[in-house]
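A.B. asks: Below you will find the structure I want to go over with you.
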Amino acid sequence: MELQLDDDHLVTRAKAGRLDAFEELVRRHRTTVYRVALRMLGDEGEAEDATQEAFVHASRGLAGFRSDARFSTWIHRIVTNRCLNLLRARRPAVPLPEVEVAAPPARAPERVVEVNWQLDDLKQAIDQLTPEQRAPLVLHDLEGHHYDEIAAMLDISVAAVKSRLHRARLGLLDAMRQWR
Amino acid sequence: MSAMEAASRPLSCGVDLVGLMWQVADGEPGDLAHQAGCQVCQAALVELRRLWVLVGELAAERVAAPDKIDRVTMQRIRRALFAAKVAEFFSGLLPRLGWALLTYSGFARGR
């Protein structure tokens with residue numbers, strides 16, 4: 259029977275130079291890291307690049323990773339900051355209003371199709387949030403991280419996380435009102 | 033005034049939308065007695081719950097990372113490690129080579 263090592267053991271092995279251990283960490287966390295990047299960037303190609311960059315960055319910085327933190331939190335912190343940098347660099351080129359969602363096309367009657375349309379609208383609304391508002395929304399409401407984890411990831415206070423999250427949620431609510 | 037600013041103002045019944053949002057999104061306690069008799073709050077709660085169902089759907093949506101991501105990532109890491117080893121090798125070799133050349137030229141001049 260094959261033993262499943264936990265992340266801490268894999269990190270210890272990877273720190274000792276075992277590349278196969280790091281490869282297993284990549285395999286385990288690629289989906290959530292990619293998902294965070296995709297929700298943050300809204301583009302599959304950019305999300306793939308950001309995911310790769312995050313793991314490459316993690317492999318270089320593994321020696322400095324403190325084992326009292328979870329690897330998943332650490333790698334999410336890296337990918338989130340990578341995405342924030344990309345979004346900030348992108349911002350001057352494509353200035354966006356804070357919340358402005360185009361009217362959706364006519365909806366098909368089936369509920370499933372309607373939900374899909376609404377999800378597309380929601381993704382568009384998330385794309386319209388500022389990077390600073392989007393990060394806590396993705397990390398808390400979509401990925402389920404705790405406020406204190408997000409505060410550590412973004413290097414801000416818990417109060418600031420809540421404030422940004424509140425504004426992000428208001429942005430979504432406002433966008434939803436425009437869908438009708 | 034932006035629509036977002038409008039959304040952050042108290043409702044016409046005086047209740048702050050912020051509190052209702054935390055109630056729906058994070059399960060924080062709300063003023064249930066007031067909400068039971070307030071149509072404004074009830075309408076806002078319906079709207080917020082509709083949004084939160086959608087957020088939940090998005091959170092649960094299956095997202096698969098491209099299959100090649102592991103392979104490409106590990107290739108990049110291996111290349112970076114190899115480059116670091118080569119750099120380390122040459123950074124150790126060059127001073128030794130320099131020292132050997134200086135020593136040799138000293139000997140050569142001494143002859």
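Those sequence lines, one after another, are chains E and L. Just so you know, we're using this note's numbering here: the first sequence kicks off at 259 and counts up by one. Just so you know, we're using this note's numbering here: the second sequence kicks off at 33 and counts up by one. Even for Gly, the Cβ is constructed at its ideal location relative to N, Cα and C.
Check whether chain E comes within 8 Å of Asp-102 of chain L, counting only Cβ atoms and requiring the distance to be less than that.
C.D. replies: Along the second sequence, read from residue 1 onward, the residue named residue 102 of chain L stands at position 70. Between Asp-102 of chain L and chain E, the shortest Cβ-Cβ separation is below 8 Å.
A.B. asks: May I ask you to report which of helix, strand or coil DSSP gives Ser-415 of chain E?
C.D. replies: As a first step, residue 415 of chain E is located in the first sequence; it is residue number 157 there, counting from the start. In the structure shown, Ser-415 of chain E sits in coil (DSSP, three-state: anything other than H, G, I, E or B).
A.B. asks: Name, please, each residue of chain E whose Cβ falls closer than 7 Å to the Cβ of Arg-108 of chain L.
C.D. replies: On the second sequence, residue 108 of chain L is found 76 positions in, with the first residue counted as 1. The answer, in chain order, is Gln-310, Val-314.
A.B. asks: The alpha helix (DSSP H) that contains Glu-401 of chain E, what's its start and end?
C.D. replies: Here residue 401 of chain E is taken as the residue at index 143 of the first sequence, counted from 1. Neither: Glu-401 of chain E is in no alpha helix (DSSP H) and is coded neither H nor E.
A.B. asks: Would you please state the rounded distance, in angstroms, between the beta carbons of Val-269 of chain E and Phe-329 of chain E? I believe it to be under 8 Å.
C.D. replies: Your numbering for residue 269 of chain E matches position 11 in the first sequence. Your numbering for residue 329 of chain E matches position 71 in the first sequence. Going by Cβ atoms, the distance from Val-269 of chain E to Phe-329 of chain E rounds to 6 Å, so yes, they are a contact pair.
A.B. asks: Who are the neighbours of Ala-91 of chain L on chain E, taking C-beta pairs under 9 Å?
C.D. replies: Stepping through the second sequence from its first residue, residue 91 of chain L is reached at position 59. In chain order: Asp-399, Leu-400, Glu-401, Gly-402.
A.B. asks: If you follow the alpha helix (DSSP H) that Cys-70 of chain L is in, where does it begin and where does it stop?
C.D. replies: By 1-based counting over the second sequence, the position of residue 70 of chain L is 38. Note, Cys-70 of chain L: premise wrong, no alpha helix (DSSP H); not H, not E.
A.B. asks: Taking Thr-135 of chain L as the query, report the chain E residues whose CB atoms sit under 8 Å from its CB, ordered along the chain.
C.D. replies: Here the question's residue 135 of chain L lines up with position 103 in the second sequence. By Cβ distance, chain E contributes nothing, its closest Cβ being about 35 Å from Thr-135 of chain L, past 8 Å.
A.B. asks: At what residues does the alpha helix (DSSP H) containing Gln-55 of chain L begin and finish?
C.D. replies: As a first step, residue 55 of chain L is located in the second sequence; it is residue number 23 there, counting from the start. Per DSSP, Gln-55 of chain L belongs to the alpha helix (DSSP H) from 49-58.
A.B. asks: Using 10 angstroms around the beta-carbon of Trp-332 of chain E, count the other beta-carbons present and answer buried if the total reaches 16, otherwise exposed.
C.D. replies: As a position in the first sequence, residue 332 of chain E is number 74, starting the count at 1. In summary, Trp-332 of chain E is buried, with 16 or more beta-carbon neighbours lying within 10 Å of its beta-carbon over all protein chains present.
A.B. asks: Please tell me whether Asp-102 of chain L and Arg-286 of chain E are closer than 8 Å, where the distance is taken between their beta carbons.
C.D. replies: As a working mapping, residue 102 of chain L is identified with position 70 in the second sequence. As a working mapping, residue 286 of chain E is identified with position 28 in the first sequence. Contact flag unset, no.
A.B. asks: Between Pro-98 of chain L and chain E, is there a C-beta pair that is closer than 8 Å?
C.D. replies: Translated into positions along the second sequence, residue 98 of chain L becomes position 66. Yes, contact with chain E.
A.B. asks: Please report whether the beta-carbon of Ala-57 of chain L lies at a distance below 8 Å from any beta-carbon of chain E.
C.D. replies: Looking up residue 57 of chain L in the second sequence gives position 25. Any Cβ of chain E closer than 8 Å to the Cβ of Ala-57 of chain L would place that residue at the interface, and such an atom is present.
A.B. asks: I'd like the list of long-range same chain contacts for Pro-394 of chain E, defined as Cβ closer than 6 Å, with 5 residues on each side in sequence excluded.
C.D. replies: Numbered from 1 along the first sequence, position 136 holds the residue referred to as residue 394 of chain E. So the list reads Ile-408, Val-419, Arg-422, Leu-423, once near-sequence residues are dropped.
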